[in-house]
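When you read off a place in the sequence shown, starting at 1, and then add 216, the result is the number in my numbering.
Glycine included, C-beta positions come from ideal geometry on N, C-alpha and C.
Okay, structure first, notes after.
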Amino acid sequence: LNGNGVFGISNDNLIFTATATLNAFEVNKELLGDGSLVCVYNDEKESVGINGKFLKNDYVVLSCRGFFYPYKHKDNLDLEINLDKLSLKYAEAYTEGIFSNLSGYVSGDLVLKGSSEEPVLEGKLDFQKSYFKIDYLNTAYSFNGSAVLTKNKITFKDVLFTDVKGNKGKSSGVFTHYY
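Structure follows, in structure tokens:
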């Protein structure tokens, strides 16, 4: 991690800019890539502009841009997030005991609104060449499909699953959650 920051005052306005670079950054022992982040404080709007991305083999797999409003207690997040063939392996640590052997990719455009206490993530995710094992059943499946994220809900429809023997099935469903 390398970075720098600049503080100053111009025309009675606070100026703050921060940049950071992350080389060979890992999430859950899985290489995400090289990252860069630029944050600029806007004194007039009391906001922090954020622009960041991660590259793996010179390919942008994750990017975000938008604003954080540090003085607001509600609705202080306004970020656009783009995933492009991001490995599903990063999520495996969060599904321990439920799903394992995650592989494949996820792409999509998301919007993060709300606050850090009550975030609202909305958008659509597309899964490609995806694979997982349901630990309780000791059964593995591959799938391609999409999911739509709305406030407190993840919906998927007509997702085609194939087991290791080539048997196929479709599934639709809704996961609900509350922060």
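Could you spell out the range, first to last residue, of the beta strand (DSSP E) harbouring residue i?
{"i": "G330", "result": "315-330"}
{"i": "D294", "result": "293-303"}
{"i": "N229", "result": "229-243"}
{"i": "K384", "result": "384-392"}
{"i": "A422", "result": "Here the chain has residues from 217 to 395 only, and residue 422 is not among them."}
{"i": "D342", "result": "335-350"}
{"i": "Y257", "result": "246-258"}
{"i": "T378", "result": "369-379"}
Short of 8 Å in beta carbon distance, which residues of its chain neighbour residue i, apart from the five on each side in sequence? Order them along the chain.
{"i": "P335", "result": "L293, L328, K329, Y395"}
Closest to residue i by C-alpha separation, out of the options, would be which residue?
{"i": "N317", "options": "H289, Y257, V254, F348", "result": "F348"}
{"i": "K305", "options": "G313, I297, V322", "result": "V322"}
{"i": "N360", "options": "C280, N244, K373, A234", "result": "K373"}
{"i": "G382", "options": "D291, A356, S303", "result": "A356"}
{"i": "L326", "options": "I370, G249, F391, G320", "result": "I370"}
{"i": "G389", "options": "F223, N218, T233, A363", "result": "A363"}
{"i": "I231", "options": "N258, T311, T378", "result": "N258"}
{"i": "G320", "options": "D274, L337, L341", "result": "L341"}
{"i": "Y352", "options": "T366, E312, V375", "result": "E312"}
{"i": "K288", "options": "N273, E333, F270", "result": "E333"}
{"i": "F283", "options": "G268, N354, F241, F343", "result": "G268"}
{"i": "A309", "options": "E242, P286, G251, L217", "result": "E242"}
{"i": "E409", "options": "V222, N244, Y285, G221", "result": "The requested residue 409 is not part of the displayed model; the chain covers only 217 to 395."}
Can you find the residues in the same chain that come closer than 7 Å, C-beta to C-beta, to residue i, ignoring five residues on each side of it along the sequence?
{"i": "V368", "result": "A quick correction: the sequence has Asn, not Val, at residue 368. Correct list, in chain order: T392, H393, Y394."}
{"i": "K290", "result": "S331"}
{"i": "N300", "result": "The identity of residue 300 in the sequence shown is Asp, whereas the question assumes Asn. Counting only Cβ-Cβ distances below 7 Å, and skipping sequence neighbours, we find V276, V277, S323."}
{"i": "E246", "result": "S303, K305, Y306"}
{"i": "F315", "result": "F348, K349, I350, D351"}
Taking 7 Å as the cut-off, does the CB of residue i come closer than this to any heavy atom belonging to the ligand GDP?
{"i": "N292", "result": "Among the components of this structure there are no ligands whatsoever, and the ligand GDP is therefore not found."}
Near residue i, which residues of its chain fall below 6 Å by C-beta distance, leaving aside the five closest residues on each side in sequence?
{"i": "V256", "result": "T233, G265"}
{"i": "A236", "result": "G219, L253"}
{"i": "N298", "result": "S279, D325"}
{"i": "E338", "result": "V327, L365, T366"}
{"i": "K272", "result": "G249"}
{"i": "N229", "result": "D259"}
Could you pull out every unbroken beta strand (DSSP E) segment of at least 3 residues lying fully inside the stretch 265-295, listed in chain order? As far as the stretch 265-295 is concerned, its whole beta strand (DSSP E) runs of at least 3 residues are 275-284.
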